[in-house]
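Its first residue numbered 1, the sequence shown is counted upward by one per residue in the working numbering. Single-structure report; data block below.
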Amino acid sequence: MALIIMEDCIGCDACLNECPNEAISNSADTDLEIYFINSNRCSECVGSFKESQCIDVCPVECITIDKNHIEFKEQLMEKFLSLKPL
Ligand code: SF4
Ligand code: SF4
Numbered sequence: 001m002a003l004i005i006m007e008d009c010i011g012c013d014a015c016l017n018e019c020p021n022e023a024i025s026n027s028a029d030t031d032l033e034i035y036f037i038n039s040n041r042c043s044e045c046v047g048s049f050k051e052s053q054c055i056d057v058c059p060v061e062c063i064t065i066d067k068n069h070i071e072f073k074e075q076l077m078e079k080f081l082s083l084k085p086l
């Protein structure tokens, strides 16, 4: 499944460059100050790392599973393999 950033994000930037899939973006397009994960690009780090890098670095533990995007490991790998650079 993809991950989701919750509203207690403090916009610290720590996760931004850790994502191997360029799935995380800041809120430049909105008035909110939280960051976002593009579920079409988040493979839960499958294909790159054993652990979700964004969860590892987040200082406020505001990243969790997105229950609206449940996917199995095979699907996550398929997604990872189909990613194109932004
Ligand atoms: S779990 Fe991995 S792929 Fe998904 S947003 Fe976090 S760092 Fe990126
Ligand atoms: S590491 Fe956590 S608090 Fe910092 S920008 Fe990413 S989601 Fe927000």
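Ideal placement from N, C-alpha and C gives every residue a C-beta, glycine not left out.
Subject >> Buried/exposed call for Gln95, threshold 16 Cβ in 10 Å >> reply: The structure shown does not extend to residue 95, since the chain is modelled only from 1 through 86, so no value can be given for it.
Subject >> Given Tyr35 as reference, the closest of Ser43, Lys73, Glu71 and Val60 once Cα atoms are compared >> reply: The sequence position of residue 35 within the sequence shown is 35, counting from 1. If we check each option's Cα against that of Tyr35, Val60 comes out closest.
Subject >> First through last residue of the beta strand (DSSP E) which encompasses Leu16 >> reply: Residue mapping note: residue 16 aligns to position 16 of the sequence shown, counting from 1. Note, Leu16: premise wrong, no beta strand (DSSP E); not H, not E.
Subject >> Coarse secondary structure for Phe36, derived from DSSP in three states >> reply: Position 36 of the sequence shown, counted from the start, is the residue given in the question as residue 36. Strand at Phe36.
Subject >> Asn68: CB within 7 Å of a non-hydrogen atom of ligand 1 >> reply: Counting from one through the sequence shown, the residue named residue 68 turns up at place 68. Answer for Asn68: no, Cβ out of range of ligand 1.
**OP:** Return yes when at least one heavy atom of ligand 1 lies under 7 Å from the C-beta of Ser43, else no.
**Re:** Translated into positions along the sequence shown, residue 43 becomes position 43. Yes - ligand 1 has a heavy atom lying nearer than 7 Å to the Cβ of Ser43.
**OP:** Give me the Cβ distance between Ser49 and Pro20, rounded to the nearest whole Å; I'm assuming they're in contact under 8 Å.
**Re:** As a first step, residue 49 must be located in the sequence shown, where it is residue number 49. As a first step, residue 20 must be located in the sequence shown, where it is residue number 20. Before going further, note that residue 49 is Phe rather than Ser in the sequence given. Rounded, the Cβ-Cβ distance is 7 Å, consistent with contact.
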